[in-house]
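Student: Numbering (numbering that gives the first Met the number 0), first residue to last: 0 to 158. We put the CB at the ideal spot given by N, CA and C, even for glycine.
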Amino acid sequence: MIKNNNNNALRSQTPFMSENHPLNPYGNNFIDHPYESKIFYKFNSVKQYVHLEEDDQFRISKYSAYFAFGLGGTLIGTISGFHLLLKYVFKPYYTTTFEHFNHYKHLYLGLLVASSVTFMYTYLTTLYINNVSRPLLYKYLDEAKKNGFQDYEISFKQQ
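1. According to DSSP, is tyrosine 218 part of a helix, a strand, or is it coil?
2. Just the C-alpha distance for phenylalanine 42 and isoleucine 78, rounded to the nearest angstrom, thanks.
3. Please state whether DSSP places tyrosine 93 in a helix, a strand or coil.
4. Assuming valine 45 contacts leucine 126 (C-beta within less than 8 Å), just tell me the rounded distance between them.
5. Quick check on tyrosine 48: does DSSP put it in helix, strand or coil?
6. Restricting to runs no shorter than 4 residues, where is the alpha helix (DSSP H) found entirely within the segment 122–155?
7. So does the segment 138–152 actually touch the segment 109–121, counting three or more Cβ pairs closer than 8 Å?
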C-alpha cells in the first residue's frame, strides 16, 4: 500500500518555500511580519543547521548582552529619573504640579516607562538585526542548505 505524502508533494513544487506556505515554520501569517523580523526568524532557523564560529558566537552573546542591559538600564534609569525629577525639581519649585504628579504617580510613571522601554526595545532590536542576524544569515545560509535547511524567500512587501 502506497501512502500519499502531501508534505513531500508540497516541498517538491519549488526550491523555495513561500511565506504563506503551510510548512513555513512561522505560519501562514509570516508574510505580514516586517522585513527585519523575517530576517531575524530566518537566521534563527538557519542557526539550527550550522555550527557557528567562535567569533560569531561571541558576537551573538555581545549583542544579546547589549539588549538585556540596555532594556534593564532604561527601565531603572527611567524610574530613578522620574523620582529624582519629582523630588528635586517639582517638589521645591512647582508645588501644585508636584501634588498632581504625586497623586497620579502610577499613571505617569507607567506611561514614561512604557514609552522609554518601547523606544529602547525598537532601537536595540534594529541594532541586533543589522549587526548579527543579517550578516550571519548570509554567511551561513549556503552551509545550512547543505545540511538540510529548506530555504524560503523573504519578500519586502506586506499584503
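Tutor: Once the coordinates are examined:
1. Only positions 0 to 158 of the chain appear in the structure, and residue 218 is not among them; the question remains open.
2. Indexing the sequence shown from 1 puts residue 42 at position 43. Indexing the sequence shown from 1 puts residue 78 at position 79. Their backbone Cα atoms lie some 35 Å apart in a straight line.
3. Position 94 of the sequence shown, counted from the first residue, corresponds to residue 93. Three-state result, tyrosine 93: coil.
4. Mapped onto the sequence shown, residue 45 falls at position 46. Mapped onto the sequence shown, residue 126 falls at position 127. Cβ atoms of valine 45 and leucine 126 stay farther apart than 8 Å, at about 20 Å.
5. For the purposes of this step, residue 48 is taken as the residue at position 49 of the sequence shown. In the structure shown, the three-state DSSP call for tyrosine 48 is coil.
6. Runs found: 133–145.
7. With the cut-off at 8 Å, the segment 138–152 and the segment 109–121 do not touch.
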